[in-house]
Structure formats: C-alpha cells, structure tokens
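Following: one structure in structure tokens, then a few remarks.
Number of protein chains: 4
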Amino acid sequence: MVIMAASTSSLTFQPILERIAEEIGRTPGRGRPADYIPALAACDPRRFGMAVAELDGSVYGVGDWREPFSTQSITKVFTLALDLAREGDELWEHVGREPSGNPFNSLIQLEYENGIPRNPFINAGALVVTDRLQTRTGDASGELLAFLRAESGNPTLDFDKDVAASESAHGDRNAALAHFMASYGNIDNPVPALLDQYFRQCSVTASCADLALATTFLARHGIRADGTRLLTRSQAKQVNAVMLTCGTYDAAGDFAYRVGLPGKSGVGGGIIAVVPGRCTLCVWSPGLDERGNSVAGVAALDRFTTLTGVSVF
Amino acid sequence: MVIMAASTSSLTFQPILERIAEEIGRTPGRGRPADYIPALAACDPRRFGMAVAELDGSVYGVGDWREPFSTQSITKVFTLALDLAREGDELWEHVGREPSGNPFNSLIQLEYENGIPRNPFINAGALVVTDRLQTRTGDASGELLAFLRAESGNPTLDFDKDVAASESAHGDRNAALAHFMASYGNIDNPVPALLDQYFRQCSVTASCADLALATTFLARHGIRADGTRLLTRSQAKQVNAVMLTCGTYDAAGDFAYRVGLPGKSGVGGGIIAVVPGRCTLCVWSPGLDERGNSVAGVAALDRFTTLTGVSVF
Amino acid sequence: MVIMAASTSSLTFQPILERIAEEIGRTPGRGRPADYIPALAACDPRRFGMAVAELDGSVYGVGDWREPFSTQSITKVFTLALDLAREGDELWEHVGREPSGNPFNSLIQLEYENGIPRNPFINAGALVVTDRLQTRTGDASGELLAFLRAESGNPTLDFDKDVAASESAHGDRNAALAHFMASYGNIDNPVPALLDQYFRQCSVTASCADLALATTFLARHGIRADGTRLLTRSQAKQVNAVMLTCGTYDAAGDFAYRVGLPGKSGVGGGIIAVVPGRCTLCVWSPGLDERGNSVAGVAALDRFTTLTGVSVF
Amino acid sequence: MVIMAASTSSLTFQPILERIAEEIGRTPGRGRPADYIPALAACDPRRFGMAVAELDGSVYGVGDWREPFSTQSITKVFTLALDLAREGDELWEHVGREPSGNPFNSLIQLEYENGIPRNPFINAGALVVTDRLQTRTGDASGELLAFLRAESGNPTLDFDKDVAASESAHGDRNAALAHFMASYGNIDNPVPALLDQYFRQCSVTASCADLALATTFLARHGIRADGTRLLTRSQAKQVNAVMLTCGTYDAAGDFAYRVGLPGKSGVGGGIIAVVPGRCTLCVWSPGLDERGNSVAGVAALDRFTTLTGVSVF
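Residue numbers (the working numbering), protein chains in the order written: chain A, 1 to 313; chain B, 1001 to 1313; chain C, 2001 to 2313; chain D, 3001 to 3313.
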C-alpha cells in the first residue's frame, strides 16, 4: 500500500521534486545501464523517478516513482539491519566497517585482512552478512522480503526469478569471493546455498515509493512503520554511518561531498538516502556512471540537498 | 589570545566536558604515544584536554585544554582549505576525495591511479596540496602559520624546529612518495624544498583552545573569525565531507560510526571535530590506538556525541 | 637395499647417493610435514629416499626410494606435458610461463592479468592445464594415471581416495581460483567437475623410483620409455625451462642457485629433477621449509650437483 | 667486417653468426627504441650486431659488433659480481634472488618484504648492490669501469655523461625506490650520492665485443681474463642462476624457454648471455618489445641455441 499525503506535514518537498524532475528532463547524458545481465541492459536510461517518505509514513514523488525496478545492492542495507538487529556487535568481528578503497584491491585486501571484508556493502561483506542471517533464520531472503513488504505496505513486492537466475549464471566472481572467505573460516553455509540466497536478494523488484518507505526506520532512529523497534538508536546511527562512508561503491567520498547524506546505490539505477530525523528519499534512473551509480540519481540528490540545505554537513 | 565565555550562548557544554573528563580520568588504558620521533615518544599518555569553540568565538574546556601539543596531520585540514580557497575545483584533478582503504595499499593505489593520491589527508595527498599551495604562495607553511595565528587569536603559535628536523631525519617514506608522484608529473616543486615545507607544517604546536578556534570557519560554512569568507558554503561542505570519510586514517568508518562528526586526527594525539552550524571541538591525549588515533580522544568525542546527541546521523 | 640395475651404464651415481644419504642421516633439522590435511601431517620427517633413473630405463637409489608417498604438485609436470603434447602453443594463450613472484600476489596478478595465471605450476595455472586436458580427453586424471603407470612400469601406482577427499574438504581456495578464472572465461568445465579432476591428480601416490622413471622423457628430449615421442625436442626444452624458473614455489631462484637443475617439488616432500640428456632424479623427505620444499630433498640435490658437477650452469 | 681471431679454437660459430645476421636482416619488425630519454630514442632499430667470445679471450662477430651502445641494465651483472666477490653471502641478507613477478608489483613487494628487493636485477635490487659496493669501495662506478676496461682490453670504454645526466633528470622513480628502502634501513649512503653512482653505471657505453669479453669470467666459472679469480666456482654459478631466472625483466621465463641460457638485457637493446664452460655472447639491436628486451636480440639468441644446440636444457 502506498500512502500519499497522509498528514499535514507531508508534501513539503513536492515543489522541489518537480523542479528537479524538470531540470533532469532537460539534461542530456544519462550514462549507460548495467550490461552484465540482459535484464538490466534493456532498461531505458531516460526513465526517472524520485520519491520522498516522511516519518509519519506519507510518501509522494515525481516521474516514474511508482514504477518497480531492480533494487540490486540497495537491499544490502536491509539485510545488514536485519542481521544487526539479531546479533548486534558480534557481526563486526566478521565484517569491517571501513571504506574499501579502490575496487581493484578487493581481493588483495581480503587476503591481507584474513578473509574479513572491509564493510557490509562490498559484495564480499554482503555475502558474509547474508551468510550470518541465513544461519540465524534459515531463510535470509525470505526475511528480507517480509520486511520490505511490511515497511512499504506493498504485499506484491517480490523477487524477480529471471534476474536471480541471470545473476547466478554470471556469478563466478561472487562464488570466488565466497569460497575465498570460506577458506578463512568466515562463511558458515555451503557456498552454493549461500549464493542462492544472495542472488535472490539482489533480484528484489521495488519502486521508489516502496524503497523510500522501507528506509524510514533509519530516519526514525530504528523504529519500524508499526512503531516497534528494529534497531537501537545507536545501531541506526551505525547503519547510517556505514551508508555515508561505504554506500556508493568507490564514490562514497564524492557522494558525501556532493550530496552529504547517508545513501546506498544499486546497479539497477536506484539510490536510497536518509535525512536523519526528517525523511528518506529514493531516486531511480537506470543510466550509470563509470563507478556504477545512477547519473541522474546522484544529480537529483545533489540538487535536492542544495535546494533544501538538508545535508548533514 | 584565548577567549572564555565571551557571550551568553557559550559554556553550554561545560558540564558535559567536565563529566567526560571525569570519566576519562577513571579509565585505564590510553594506548601509546607515537614513537617514530623522540619528541612525540616523550609525551605522557595520561595528559588529556578538551575544548569547545562556539560560532561567536567563545572557547572553553577542561583538563590540559590550553597546553600546546604537536598538531601533526591536523594541519592538513587548514592547508587543504587554504589551497581550495585559491584554486577551487582544479585541485581535485590532482588529488582525489575518496577513502584510501588499507594503508598497506597506499603505494599500489598511487601506481594504479597514475600518481593521483586518493585524498588530501593521506600523506601523499597532503604532499600534493602543499606542493600546490607552495606554487601559488611561495611559502605554504608561512601561509598556514599566519592563518592559524589569526583564527586562534594566538600570535605565539609557532613551528617547533626540533620536531621539523626530526621529521626530516625520518622522512624517507615521504621522500619516496613525493618522488614517486613527481615521476607521474604530479609534483611541481623540487622534492627537497617541498619536504621542507611539509615537515614544517607537521611541526606546528598549538593547544586544544587554539585548534578549536581555528576550525570554526568550517562550522560557520566558510566564514573566518573576522567575518570574511575563506571558502564558499559548498567548499566548506566539501572539506567537512572529506574529513568525515577520510579524516582518521584507516578508522574513518569506525569514527563515523562511533562519533558521527567530521574530524581529523594527528599522531600527536590531537583530534579536531566539526558540528556544522553549531560549534567545533578539539581533544588531546597522546596515547594512540593501533591505527594512529588518540584512544582517549576518540572515547571523549564518542561520549560527547552520545551525551549531547549532536551527531550528523 | 634393493638395487635394480638394468644395464651396464647404470649405477654410475650409486656411491654418490650413498654418501649423500649418509650425510643427510647425520643432519638434524628436517622441517615439518605439511599439516593442512591429516594424511600429510602424519608423515615422519626422518624418512628419506633418493633415486636416479638413467636414459636406458635403469633406476637405483638409497633409503626409502621405493616407498610410495603423496606426489601432490609433482604431477603438475606430467599434466602439463600431456596437454602440451595435444594442443601445442595454443596452451600458452591461457597460461603464462613467467615466475609468479611472491605468493601473496597470486590473486592480484590474476586480476591484473585478466584471469591468465602466470605459469602452469602455481595452483591457478595447474587448474587451467587440467581444465584443458579434461576438455580434450574427458578424463584428465585417468590420462595422467595411465601415463605414470606406463612410464614407471608400475601398474599398481594409483590415486589415494582419502587424500583426494581430504583435499576436496579443504578446497575452498582452489575453488575460489577456479571461479575467479571462470569469471574471465578462462575455464571451460564446470568448476566442481574440474576440482574433482584436480584433486585426484594431487592424490597420486608413487615412489622415488616410479617418479624418476616417469620423468625420463624430459631427459630424453621428449621420447617416452617405449621409444615413441610425447613432446617435440623444443617442447621438452620448454617444460624444463618452466621447471627451472617456476618449479619450486617462491624458491625457484634459490633452487636454481643451489641446485641448478630443472626441478618440481610437492608438499608431500618429493622433488623431481632433470639432467637433460643424462638422467633424472627423485628425492623424498616429508619435512618442509617455510616455502613448501623438502628440506632434506633440496639439501640432497644441492649435494648431488656439487659432488657431480652436473648443474646446467 | 673485421674479425679478430686469437686462437685456433675460435671462429667456431662464425658461420652460424653470419647465417643469423642474414636471417635477421630479412626480418621486418624490430620493435621500438626506448624513449624515456632522448639519447636512447634516437637509435636506429635496424642496427644489429652480435659477438661471441671464447674462453681463451678470442672474440669475433657480425654486423655492428664493434659499435659502442648504451649498456644500461647489463652493467648490473658486473656490479653484482664485484660486490659478491667482496662480501659473499652477506649480500643476500639485503637483496633476494627470486624472480619478481609482474613489474606492477615492485613497490608492493618491497613493502610486503620490508624493503628487501626480490633480486639484484630489478632497479631496487641494483640500487642496493650499488649502495653496498659504494660503501666498500667509495667509488662503485669507478670500480665497475676499471673492471670492464680490464676484461674487455678496451681502455677507451667509458661513461656517457649526457646519458647519466638524462637518467638523473628522469630519475624520480629510482629516487622513490631508494628513499623507500632507506626507510627500512636497507640503504647506507645518502640517496642523492647513491643515485649519482647508479646513473653513471647505467650510462656505460660499450660494444658487443667489449661486453662479450667482459662476461667471459662467468663462462670460466669465476676466473678473470688475467687468470686471477674474481668469484668462487659456486658464486659464478649463483650469478648465472640469477641471470637465468631474473635477467630479462618480466620475460625471464620466456627467455629461458626460447633461449635457455643465462642472460641479461638492457633497454639500450643489448643482451649478454653465457654458455657455461664454453663461451659468451653479446647481441645488440635497439628496437625493444613491450617488456623491454631487444626484439632482434632475443630472436638472434633463440636462433643461436637452436642452430648449435648449446642450451642448458
């Protein structure tokens, strides 16, 4: 269920969203969709949507804000929160929370640091988080789906089986990472079963409206849509901090510099962002820059913080 | 000149500082002072000071907050700001603004990225910034000293010649970095002259009070103590973003997670931090953790943000 | 001690072997057996055997020269020869023939060089060779076994199922390498099937006598025991060259320096060596140095070339 | 063509040299001269010379075999021998004797191995050897020049001051290596003085005839032209082994595979090679392949060993 204008406090940013959409629409150059799997390569880079969700559960947006797209790495935020809620700080013995530097170094860093990935948002780290959630729940991707449906109020939100199969067919690099960490004793589940869970999580399809709503627990310092607490205030701060320093591949510094908000991007072209204590945002446009972030998405968030002055800095 | 309680708005955090100092005083375990040069190794790890400077120029503190110490890498923030003010975005063609990952990789990353260091706060990046400021001013360290004296209101603030000489005597690694970048054409000045400027900057001696005051331009979105503008609002945001993502060596993620403020540490045991739009902090205690950050300093800032709730997240 | 003397030309080096065995017997310090799988860890490091095989097929030795042991990486030489015989220089488009430098760098080099391993004797390279032989024959390990039996004249020579199972149970690092190369398109077979073939090859059990005989085709410039040609003269030279530069892990330079012969070691404690045009040697003693080569084995070969002057240099 | 025939044993290979020169003359494609300094870039890639020196001191050749050229890294062999003769095995505590793998990794390997370069023929290793010879003699390059003049019987052989100055002007990368090793305590002399010695050594100008003669001590197992011993038999074997495994940059395996002789190349287009106990060779042609070895030089040595069968394998 999508809620629009549920309270008087909502729609605050609607004129700003419309101005941004208008500016983006006039801007040529959108980058190129991810092409490592066919399902992503087919996306039209001219698509653009942006949604804001407020703390009271209202959500509004512009453009293709209700159009489902492939969330990809965005779901790493939710899996992290679900596992952190269960095991707390013990998680940080198995995955770090430092930026990873150049992607070129991912494997050498894993070797140098004895199979402990740098943070939960690089693939190696997300595999560890999924592995741990799988051990605790028996169905990591099922937990994720239930959470996303509950928070977004959208019971039709689901995996895309074709995307998951496509990820699996191109999954040798993730298999290498998982086996490599297993050689250090940092993976508990059998690698094929782990990969199956991981690729399903990557395949979730959701809209900007869905994701903005599902992210509001981070703006509410850990409180879910139904008022129950998922994370402690401190844990919510931790997740936001990891998003700011590690959430946009090798462009986290650039994103902090331009946008100045905790954010997490996916190669499907989506980006979520958190204004702590205030609201959340989700933007989508499939064309990517050379570092894997949505060109129009980053531009839109940059404009949003410039126009509203809501940056954390 | 140190100003204490200059307005009614000040002293807000004095009770909190006193509580933190009391807690820190009861805590055993302070890490060990840096030992690569004798001048630092001789420091007593039980020393502790903390200062807060407010936007109106008032400053107050606890413990050894008026005791001068070796600022070391903290001055990288001011050199960055002074050069950014002069050349603007052109600087970013010569130094990146992304976290550097594991320190082990500093040289391989320089090689992989053709002599462009990852950010202005690793030594390689600070050498580039100093080189560029030197080219523009003819006396990079003199510019730095004049700025620090003006902002802190302390005309006795100065270099420590013994520390600079000691740095120079142990300077082979920095010389290697400078020559390596010169081989890619990313250093303009002769390497020995550049190193001389660089080591002088590292040798500045200042107190928590001095540094908290000198940092207020970042909390004031770029405005200096005398009301003139050093940086545009956007540039001030950029410096804060780089501090948050890259300011504490290989612990930036951990610092963001625990403290949640833009900060910059030095191996002399000092740390500065910015609460944008509100105030600045400087803490000092010489004992370091294995990543080079003051143990008591990080703990004190962690307590400060926990007790006051001023984190950016 | 049983000596098998097939012709008048043989036994030339018997007095030298006996002298070496006597010297080795007096030497304390043998290193430690490999301990990553139980089957190897149980070996007694005081065991020592050494055999010489002459071009006419005669073989003789000292100590435990007829005792079967786990050949491990020694079989990489035979798999390389069997594949090179089939596909010729095309192989070198899929695996290099340069030393690999520090083992630490294996993964980064694979990444830097687009999934092409440095040489056929590091694990990544041996996986590629096995993959290609598997594609050509449908049973790479069966081909290897048939070849070893024919050349050694020992029909009981066989795989050790327990060792193969143990390798497989500890096989995550090799699985990571295989998947990583598959992500670059440099592996044809399904990774699990490839690993099964690979681990079987590592598990071959044979004696010094068996292996010295099986290696004589390299001393005969490519001619097998039955007089047929396996490799061209040029290909035999190529295999010898790769053994000299890459045959003893990260100690190839040291081995060339001390022994001065093409050689290949295994973590079971065996080493084969070739005196081109003259004879072959195989030595076995399970205690390893920190680089994975048999301590007594290298010492024995060092003494052999010193006493006989047969080094290639 | 002038042929100097000092004894009846000489001229053995003259017909083969002429055949090789004729074949090379018909072969198009010579690579490109090194272009990092102007003095090398101006060389004509069609130049070609080849000389053989026999153990009795006779020397003969074809083409431009008496034309002086820039020896560059070839002199690393002589500096190594001169230092090894003085300090023996202690040298190997300061420089390794293992191949270095990909050039990309030179700096990371230095860091991983605490400032000990992999072998004496990479630049870092040659800097260490020069540093140690300098400490022992006070004039490393003077020692080198005296040795080369004595062995070649050519008193006009000399440094090229323009080349040395040009190397120095482009010497930032070598300066970086030297300072980096100094930071680990593995360099004794001041870096500028060491670099001066090093660049002079690189600037030696000599002909194929000169270098073939100067190398004969390695074919005579350590005995100089005047009958005195420079190296022990074991040390001469060591130098030959290091040449075979490390003498041709990142193509040592390929060179062993194709040529099968200990050899050392320079970016001036020269290559020396040793047939232990038999003769030495020197070939020169300025066009290089992408790994820095003379295209026509490697081809000529490949043909030589193929036609004569003198490979060590």
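Here a beta-carbon is modelled for each residue, glycine too, at the ideal position from N, C-alpha and C. All values reported here derive from a predicted model rather than from experimental measurement.
- For the stretch 3179 to 3211 of chain D, the beta-carbon criterion of a distance under 7 Å to any beta-carbon of chain B is satisfied by H3179, F3180, A3182, S3183.
- By the CB criterion at 8 Å, A1176/B and A3176/D fall inside the cutoff.
- Cβ neighbours of S3183/D within its own chain (closer than 8 Å, five residues either side excluded): G3115.
- The Cβ of N2119/C sits closer than 8 Å to at least one Cβ of chain D.
- The C-beta of L3107/D comes closer than 8 Å to at least one C-beta of chain B.
- With contact defined as three or more Cβ pairs closer than 8 Å, the stretch 1190 to 1208 of chain B and the stretch 1229 to 1241 of chain B are not in contact.
- Taking a cut-off of 8 Å for Cβ pairs, the stretch 2295 to 2303 of chain C and the stretch 3015 to 3028 of chain D do not touch, as fewer than three such pairs fall below it.
- For S1207/B, the closest of D1056/B, L1230/B, P1286/B, L1082/B by C-alpha to C-alpha distance is P1286/B.
- At a beta-carbon threshold of 7 Å, the residues of chain A lying near A2176/C are A176, H179, F180, S183, ordered along the chain.
- Y1060/B is bridged by DSSP to V1052/B.
- Within 7 Å of the CB of K2237/C, the CB atoms of chain D belong to G3260, S3311, F3313, in sequence order along the chain.
- D160/A sits in coil when the DSSP states are folded into three classes, being neither helix nor strand.
- Put simply, the backbone Cα of P3276/D is about 40 Å away from that of L2040/C.
- Judged by beta-carbon spacing, G253/A lies within the 8 Å limit of T1245/B, meaning their Cβ atoms are closer than that value.
- For R1291/B, the nearest beta carbon of chain D is not closer than 8 Å to its own beta carbon.
- Considering only R220/A, R291/A, L145/A, D131/A, the residue with the shortest C-alpha distance to G57/A is R220/A.
- Contact between L1288/B and A1273/B does not hold, since the beta-carbon distance rounds to 17 Å and is not under 8 Å.
- In the DSSP assignment, the residues bridged to V2283/C are M2050/C, I2271/C.
- In the assembly as shown, S311/A is a buried residue. Its beta-carbon has 16 or more other beta-carbons within 10 Å.
- Along the stretch 2245 to 2257 of chain C, going in chain order, the ones with a CB nearer than 8 Å to a CB of chain D are T2245, C2246, D2250, A2251, A2252, G2253, D2254, A2256, Y2257.
- Interface annotation for the stretch 1150 to 1175 of chain B against chain D: H1170, G1171, D1172, R1173, N1174, A1175, criterion Cβ-Cβ distance under 9 Å.
- At a cut-off of 8 Å between beta carbons, G101/A contacts chain B.
- When the beta-carbon positions are compared, A81/A and L213/A stay at least 8 Å from each other.
- With distances taken between CA atoms, P2045/C lies nearest to A2034/C out of R2136/C, A2034/C, K2161/C.
- For A206/A, the uninterrupted beta strand (DSSP E) run begins and ends at 204 to 206, by DSSP.
- The C-beta of V242/A comes closer than 8 Å to at least one C-beta of chain B.
- The C-beta distance from G2269/C to C2043/C rounds to 7 Å, short enough to fall under 8 Å.
- Pairing G3153/D with T3075/D, the inter-Cα distance amounts to about 16 Å.
- The alpha-carbon separation between N1119/B and D1210/B amounts to approximately 25 Å.
- Against R1097/B, the close residues of chain A are G253, D254, Y257, in the order they occur along the chain (beta-carbon pairs closer than 7 Å).
- DSSP places G2253/C in the helix class (H, G or I) of the three-state scheme.
- For E2113/C, the nearest beta carbon of chain A is not closer than 8 Å to its own beta carbon.
- Selection F1217/B, S1141/B, K1161/B, T1012/B evaluated against T1079/B yields S1141/B as nearest (Cα-Cα).
- Inclusion of Y3257/D and R2086/C in the CB contact set at 8 Å is not warranted, their separation being larger than that value.
- The stretch 3138 to 3193 of chain D is shown to contain whole alpha helix (DSSP H) runs of 4 or more residues at 3140 to 3152, 3161 to 3169, 3172 to 3182, in chain order.
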